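Below you'll find the structure, written out as structure tokens, and then a few comments.
So this is what it looks like as structure tokens:
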């Protein structure tokens, strides 16, 4: 058995129980919880193959619930793709802002609504694409300082600075006179 072998476990709801079937090994059992089903399936496969249960990989499949669970899986895939697209856009923006326009990491972080540590993550190392133009090119402090929280997206009022959050007005309460 190679570490990449994965055993498909088919689950079927029978009243308050789960029927557990491992077709590739012709193994069948039942249990009360999904957690128990996974543990039981892994143990059954391990015993049948004579290997430790920790090395067994299982893929739990509930065919009758596919219409309910399918849209969730698809949404998670779309979210992962959106996160990857956002990371690419941020990397391109950081490269442009910091690498080409020489905007500081702190200012780039503020413009992008990110902590400076995240901008630093997307900034190329000093020796790779950018050159260090400091006179005292000694060692840098370890790690960037924490940045501000992400600003709320707001339409800037005329005359306000783009990319920065609008300040909230304080209102006086009857308990606190103005």
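In the UniProt record's numbering, the protein residues as written are 1 to 178. Think of the CB as a built atom: it goes at the ideal place given N, C-alpha and C, for glycine as much as any other residue. In this text, all values refer to a predicted model and were calculated from it rather than measured experimentally.
For residue i, the nearest candidate out of the options (CA to CA)
i           : options           : result
residue 102 : 117, 124 and 33   : 124
residue 28  : 78, 79 and 44     : 44
residue 5   : 33, 53 and 15     : 53
residue 48  : 34, 66, 26 and 75 : 26
residue 96  : 119, 78 and 85    : 119
Delimiting residues of the beta strand (DSSP E) encompassing residue i
i          : result
residue 57 : 57-61
residue 29 : 27-31
residue 20 : 17-22
residue 54 : Per DSSP, residue 54 belongs to no beta strand (DSSP E) and is neither H nor E.
residue 6  : 6-14
Nearest-angstrom beta carbon gap, residue j and residue i [assumed within contact, 8 Å]
i           : j          : result
residue 58  : residue 41 : 5 Å
residue 112 : residue 90 : 6 Å
residue 108 : residue 94 : 6 Å
residue 64  : residue 13 : 7 Å
Chain-order list of residues whose beta-carbon lies under 8 Å from that of residue i (same chain, five-residue window excluded)
i          : result
residue 9  : 20, 21, 22, 37, 38, 41, 58, 59, 60 and 61
residue 24 : 7 and 8
residue 98 : 104, 105, 108, 119, 123 and 130
Enclosing alpha helix (DSSP H) for residue i [first to last residue]
i           : result
residue 125 : No alpha helix (DSSP H) contains residue 125, which DSSP labels as neither H nor E.
residue 83  : 66-94
residue 106 : 105-112
Same chain, Cβ closer than 6 Å to residue i, neighbours up to 5 away in sequence not counted
i          : result
residue 18 : 11, 31 and 37
residue 56 : 42, 45 and 46
Same chain, Cβ closer than 7 Å to residue i, neighbours up to 5 away in sequence not counted
i           : result
residue 122 : 90, 91 and 94
Proximity test, residue i beta-carbon vs the ligand PLP heavy atom, cut-off 7 Å
i          : result
residue 66 : The ligand PLP is absent from the structure shown, which contains no ligand whatsoever.
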